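Position 242 of the sequence shown, counting from 1, maps to 242 under the numbering used here, and the rest follow consecutively.
Beta carbons: idealized from backbone N, C-alpha and C, even for Gly.
Note that the coordinates shown come from a computational prediction; the quantities given were computed from them, not determined experimentally.
Remarks on the structure that follows.
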Amino acid sequence: QSKEQGRNRYAFYTDALNQSISRRLQIEGYLRGAIERGELMLHYQPQYDVSSQRVTGVEALLRWNSPELGQVGPDEFIPIAEQSGLILPIGRFVLQTALAAAKRWIELDPDFKLAVNISPAQFRDESLVSFLQEELAKHQYPASRLELEITEGILMRGGTQVEETLAALHEMGVCLSMDDFGTGYSSLSYLRKYPVDELKIDRSFVNEMTVDESDRELVNAAISLSRGLGLRVVAEGVETAEQLQALKELECGVVQGFWLSEPVPQEHIGKMLERQARLPV
Ligand code: C2E
Ligand code: MG
Ligand code: MG
Ligand code: MG
Numbered sequence: 001q002s003k004e005q006g007r008n009r010y011a012f013y014t015d016a017l018n019q020s021i022s023r024r025l026q027i028e029g030y031l032r033g034a035i036e037r038g039e040l041m042l043h044y045q046p047q048y049d050v051s052s053q054r055v056t057g058v059e060a061l062l063r064w065n066s067p068e069l070g071q072v073g074p075d076e077f078i079p080i081a082e083q084s085g086l087i088l089p090i091g092r093f094v095l096q097t098a099l100a101a102a103k104r105w106i107e108l109d110p111d112f113k114l115a116v117n118i119s120p121a122q123f124r125d126e127s128l129v130s131f132l133q134e135e136l137a138k139h140q141y142p143a144s145r146l147e148l149e150i151t152e153g154i155l156m157r158g159g160t161q162v163e164e165t166l167a168a169l170h171e172m173g174v175c176l177s178m179d180d181f182g183t184g185y186s187s188l189s190y191l192r193k194y195p196v197d198e199l200k201i202d203r204s205f206v207n208e209m210t211v212d213e214s215d216r217e218l219v220n221a222a223i224s225l226s227r228g229l230g231l232r233v234v235a236e237g238v239e240t241a242e243q244l245q246a247l248k249e250l251e252c253g254v255v256q257g258f259w260l261s262e263p264v265p266q267e268h269i270g271k272m273l274e275r276q277a278r279l280p281v
């Protein structure tokens, strides 16, 4: 009887494993060619200055509508793209598309900032810098209005390629933001070593900050740290009025989250900025 049970359990695990492997393979298979078939698009989530309530910029976020699989979230397909090498053409598509869109937005607001997520494999790719130089020139987009969001892991692992890329980006004037700040590593020494411009406080801290005193303290510490180092600070994942109020009290600079706006299609951003351009400063 127990043997029978063991077999069942084994069958259960292999079933679950097979299912997750076949989902991965499906995603990888359908993702190949998704750009050419026009299935990938970008949405943009506005970021707001806390004191003036104005839109200061946007974060570009990938959306994939697959005819075979339906909507697949980037949390699911980006890691697969990362491991299969597909992230390189996808990442180039993202930069091209976002720069073409943002070119119009800086005409409405010269201080506007475009943030783009860059995953580790993209950052290790030695053609990233030259590709960026070409695209910035092609769209006549100022490097200082572009911000690359990377995670702490990239800087912690370091390496010659990463250091060269960081130096070249810094030289070009491209900004660097630490995404999901606080979730990665306990060492902060990379902040001294590398030219970081912004900390993006992970939404897990923001989420609990109005109910959990230690989360509030961690948000507070990240804001003070940014202030002390002269960095920009963004709180992500703001979902309630209470969280926004708490962030105001802590004098957080910039906020982003569903409470203010979800990620929206390109056209919405243009309209938002046009409306804002007509308002008195
Ligand atoms: P991320 O860079 O940390 O992006 C923030 C994520 O939080 C986005 O999820 C966004 O939709 C979501 N979010 C924003 N406000 C709220 C909120 O108030 N509450 C909650 N619960 N969530 C909120 P999304 O679009 O599903 O993206 C997930 C992750 O996928 C991103 O995390 C990023 O790591 C990656 N990703 C997305 N687009 C790209 C891309 O173009 N390139 C690369 N390499 N990675 C991307
Ligand atoms: Mg991000
Ligand atoms: Mg994040
Ligand atoms: Mg994330």
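Select from Gly253, Ile118, Val211 and Val206 the residue whose C-alpha is nearest the C-alpha of Glu82. Taking only the C-alpha atoms, the option nearest Glu82 is Ile118.
Check whether the Cβ atoms of Ser177 and Glu152 sit closer than 8 Å, and answer yes or no. For Ser177 and Glu152, no; Cβs fall outside 8 Å.
Apart from the five residues on each side of it in sequence, which residues of its chain come closer than 7 Å, Cβ to Cβ, to Ala143? Counting only residues of its own chain and dropping the five nearest sequence neighbours on each side, Ala143 has a CB closer than 7 Å to the CB of Leu136, Met172, Gly173 and Val174.
With which residues is Val55 paired in a DSSP beta bridge? Beta-bridge partners of Val55 (DSSP): Tyr48.
Within the segment 158 to 246, ranges of the alpha helix (DSSP H) (whole runs, at least 4 residues): For the segment 158 to 246, the continuous alpha helix (DSSP H) assignments of 4+ residues that do not extend past its boundaries occur at 160 to 172, 190 to 193, 203 to 208 and 213 to 229, in sequence order.
Between the beta-carbon of Val55 and the beta-carbon of Gln45, is there less than 8 Å? No, the Cβ-Cβ distance between Val55 and Gln45 is not below 8 Å.
Hey, quick one: how far does the beta strand (DSSP E) through Ala143 stretch, first residue to last? In this chain, Ala143 is not harboured by any beta strand (DSSP E), its DSSP state being neither H nor E.
Can you give me the Cβ contacts of Ala39 inside the same chain, cut-off strictly under 7 Å, excluding the 5 residues immediately before and after it? For the record, residue 39 in the displayed sequence is Glu; it is not Ala. Non-local C-beta neighbours of Glu39 in its own chain, meaning closer than 7 Å and more than five positions away in sequence, comprise Trp64, Asn65 and Ser66, ordered along the chain.
Can you tell me whether Gly182 is buried or exposed? The criterion is at least 16 other CB atoms within 10 Å of its CB, across all chains shown. In the assembly as shown, Gly182 is a buried residue. Its beta-carbon has 16 or more other beta-carbons within 10 Å.
Buried or exposed, going by whether 16 or more other CB atoms sit within 10 Å of the CB of Val238? Classification for Val238: buried.
Please say whether Ala115 and Ala60 have beta carbons closer to each other than 8 Å? Going by C-beta atoms, Ala60 is nearer than 8 Å to Ala115.
Between which two residues does the alpha helix (DSSP H) carrying Val281 extend? Here Val281 belongs to no alpha helix (DSSP H), and DSSP marks it neither H nor E.
Where Gly91 falls: helix, strand or coil (DSSP): Under the three-state reduction of DSSP output, Gly91 falls in the helix class.
What I want to know is whether the C-beta of Glu236 ends up closer than 7 Å to one or more non-hydrogen atoms of ligand 3. Yes, ligand 3 has a heavy atom inside 7 Å of this Cβ.
Report the residue from His43, Gln19 and Lys248 whose alpha carbon sits nearest the alpha carbon of Thr97. Thr97 has its Cα closest to that of His43, out of His43, Gln19 and Lys248.
In the DSSP assignment, the alpha helix (DSSP H) including Leu136 goes from what residue to what residue? Here the alpha helix (DSSP H) through Leu136 covers Leu128 to Lys138.
Please name the residue in Leu108, Val196 and Arg32 whose C-alpha comes closest to that of Leu279. Minimum Cα distance to Leu279 is reached at Leu108.
Exposed or buried, Val234, counting other C-beta atoms within 10 Å across all chains shown (16 or more means buried)? Around the beta carbon of Val234, 16 or more other beta carbons lie within 10 angstroms, which makes this residue buried.
In this structure, what does DSSP give as the bridge partners for Ser66? Answer is Gly70, bridged to Ser66.
State whether the segment 124 to 138 contacts the segment 191 to 199, with contact taken as three or more CB pairs (one from each stretch) at a distance under 8 Å. No, they do not touch.
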